[in-house]
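Numbering (our numbering), first residue to last: 233 to 300.
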(Lines of atoms letter the chains of each structure in order from A and count residues from 1; the text may use other names and numbers.)
(Lines give C-alpha, C1' and ligand atoms only; values in the text may rest on other atoms or scores of the structure.)
Protein backbone atom coordinates (compact mmCIF):
# COMPACT_ATOMS: atom_id res chain seq x y z
CA UNK A 1 0.00 0.00 0.00
CA UNK A 2 2.70 2.47 0.98
CA UNK A 3 4.83 1.42 -1.99
CA UNK A 4 1.98 2.30 -4.37
CA UNK A 5 1.46 5.66 -2.62
CA UNK A 6 5.17 6.43 -2.95
CA UNK A 7 5.17 5.45 -6.63
CA UNK A 8 2.02 7.49 -7.37
CA UNK A 9 3.19 10.38 -5.11
CA UNK A 10 -0.33 10.78 -3.74
CA UNK A 11 -2.29 9.18 -0.91
CA UNK A 12 -4.57 6.36 -2.04
CA UNK A 13 -7.54 8.10 -0.40
CA UNK A 14 -7.16 10.84 -3.00
CA UNK A 15 -6.33 8.89 -6.16
CA UNK A 16 -8.47 5.76 -5.87
CA UNK A 17 -11.93 7.37 -6.16
CA UNK A 18 -11.03 9.17 -9.38
CA UNK A 19 -9.17 6.21 -10.88
CA UNK A 20 -11.98 3.75 -10.16
CA UNK A 21 -14.61 6.18 -11.47
CA UNK A 22 -12.71 6.90 -14.68
CA UNK A 23 -11.12 3.51 -15.40
CA UNK A 24 -13.08 0.89 -13.48
CA UNK A 25 -11.88 -1.62 -10.90
CA UNK A 26 -10.01 -4.03 -13.18
CA UNK A 27 -8.03 -1.39 -15.05
CA UNK A 28 -7.21 0.48 -11.83
CA UNK A 29 -5.91 -2.72 -10.23
CA UNK A 30 -3.82 -3.48 -13.33
CA UNK A 31 -2.41 0.05 -13.44
CA UNK A 32 -1.47 -0.08 -9.75
CA UNK A 33 0.04 -3.55 -10.15
CA UNK A 34 -2.23 -5.24 -7.59
CA UNK A 35 -4.99 -7.84 -7.73
CA UNK A 36 -8.66 -6.88 -7.81
CA UNK A 37 -8.99 -8.48 -4.38
CA UNK A 38 -6.24 -6.24 -2.99
CA UNK A 39 -7.84 -3.17 -4.54
CA UNK A 40 -11.19 -4.18 -3.04
CA UNK A 41 -9.57 -4.58 0.38
CA UNK A 42 -7.94 -1.16 0.14
CA UNK A 43 -11.25 0.46 -0.84
CA UNK A 44 -12.96 -1.20 2.12
CA UNK A 45 -10.15 -0.28 4.52
CA UNK A 46 -10.13 3.35 3.35
CA UNK A 47 -13.95 3.64 3.49
CA UNK A 48 -14.28 4.32 -0.24
CA UNK A 49 -17.69 3.28 -1.57
CA UNK A 50 -18.05 2.05 -5.15
CA UNK A 51 -21.53 2.12 -6.71
CA UNK A 52 -22.74 1.03 -10.12
CA UNK A 53 -25.45 2.85 -12.04
CA UNK A 54 -27.28 1.55 -15.11
CA UNK A 55 -28.25 4.19 -17.68
CA UNK A 56 -30.70 3.87 -20.54
CA UNK A 57 -29.66 5.07 -24.00
CA UNK A 58 -29.55 8.86 -24.07
CA UNK A 59 -29.25 9.21 -20.28
CA UNK A 60 -26.23 10.71 -18.61
CA UNK A 61 -24.91 10.97 -15.10
CA UNK A 62 -23.11 13.77 -13.31
CA UNK A 63 -20.93 12.95 -10.31
CA UNK A 64 -20.74 15.74 -7.76
CA UNK A 65 -18.13 15.45 -5.03
CA UNK A 66 -19.04 17.24 -1.83
CA UNK A 67 -16.01 17.71 0.38
CA UNK A 68 -16.51 18.28 4.07
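From the three backbone atoms N, C-alpha and C, an ideal C-beta is built for every residue, glycine too.
Can you confirm whether the region 271-279 touches the region 288-295 when touching is taken to mean that 3 or more C-beta pairs between the two stretches lie within less than 8 angstroms?
No: the two stretches stay apart, fewer than three of their Cβ pairs being nearer than 8 angstroms.
Less than 9 angstroms separating the beta-carbons of residue 295 and residue 266?
Locating residue 295 in the chain shown gives position 63, counting from the first residue. Locating residue 266 in the chain shown gives position 34, counting from the first residue. No. Outside cutoff.
Let's see if you can read the secondary structure: which residues bound the alpha helix (DSSP H) around residue 249?
Your numbering for residue 249 matches position 17 in the chain shown. Per DSSP, residue 249 belongs to the alpha helix (DSSP H) from 244-255.
By how many angstroms is the C-alpha of residue 234 removed from the C-alpha of residue 283?
By one-based count along the chain shown, residue 283 stands at place 51. By one-based count along the chain shown, residue 234 stands at place 2. Roughly 25 angstroms between the two C-alpha positions.
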